[in-house]
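Position 63, counted from 1, in the sequence shown is what the numbering used here calls 310; the numbers after and before it change by one each time, with no gaps. We put the CB at the ideal spot given by N, CA and C, even for glycine. Take a look at the structure below.
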Amino acid sequence: MREVATRRGLPEEYLGVPRTMLLSLSVGATQHLVRGIGAVERRWIYRMRPLYVGRTGEGEVGVIWAAPGAPTRRAGDGGPHSVRR
């Protein structure tokens, strides 16, 4: 990921992803995971699949919304995706 970010000239903030990542393939499960760990969206290298980061007893955990129908950010849109809390 660092190599891709460097090639694209992206800032360092796009590289701050947690070591533990969950890839959610279910729309319903994603919302529960995000709420369960108190996650907030974090900007990262792949804008088409939102990354949410929260904390558990073990540290930071990331949830990637990979399910069909995931909200996507339009080019130039820096705002967060909406997840019901």
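Grab the span of the beta strand (DSSP E) containing residue i for me, first residue to last.
{"i": "R289", "result": "V287 to R289"}
{"i": "L270", "result": "T267 to S271"}
Does residue i have its Cβ less than 8 Å from a Cβ in chain B?
{"i": "G275", "result": "Protein chain content of the structure displayed is limited to a single chain, and chain B is not contained in it."}
In this structure, does DSSP put residue i in helix, strand or coil?
{"i": "R302", "result": "strand"}
{"i": "E257", "result": "A quick correction: the sequence has Leu, not Glu, at residue 257. Looking at L257 - three-state DSSP - the assignment turns out to be coil, as it is neither helix nor strand."}
{"i": "A252", "result": "helix"}
What does DSSP give as the partner residues of residue i in its beta bridges?
{"i": "G309", "result": "M268 and V300"}
Taking the alpha-carbon positions, what's the residue i to residue j distance?
{"i": "A276", "j": "G306", "result": "20 Å"}
{"i": "V304", "j": "A252", "result": "As written in the sequence, residue 304 is Gly, which differs from the Val given in the question. Those two C-alpha atoms are separated by around 30 Å."}
{"i": "P258", "j": "P265", "result": "17 Å"}
{"i": "G301", "j": "G309", "result": "6 Å"}
So residue i is in the alpha helix (DSSP H); what residue range does that whole segment cover?
{"i": "G275", "result": "V274 to G283"}
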